[in-house]
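Peer 1: Structure in structure tokens, see below.
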Amino acid sequence: MNETEVTIVRLYLHEAKAHMHELLQYLHDESKVQGVTVFRGITGFGSSGAVHSSTL
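Pasting the structure below:
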């Protein structure tokens, strides 16, 4: 069986996605990532435990 190393990139963004194009360009051109999925983050929390929500 042949083995292939795979890098998975998942981006979770809120509505202010100002740097998305630059990030995707870097991942494609510099890091040679062959596939990226971008998810719209609706609700989540960080290390503080405070819940942050995006407006729908």
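In this note's numbering, the protein residues as written are 3 to 58. Just so you know, even glycine gets a beta-carbon here, dropped at the ideal spot from N, CA and C.
1) Can F41 and L13 be called in contact, C-beta distance under 8 Å?
2) Helix or strand or just coil, what does DSSP make of H54?
3) So, are the CB atoms of V35 and T9 less than 8 Å apart?
4) Compare the beta carbon distance of G37 and L15 with 8 Å and say whether it is the shorter of the two.
5) Would you kindly work out how many angstroms separate the C-alpha atoms of L29 and K19, rounded to a whole number?
Peer 2: The answer reads as follows:
1) yes
2) strand
3) yes
4) no
5) 16 Å
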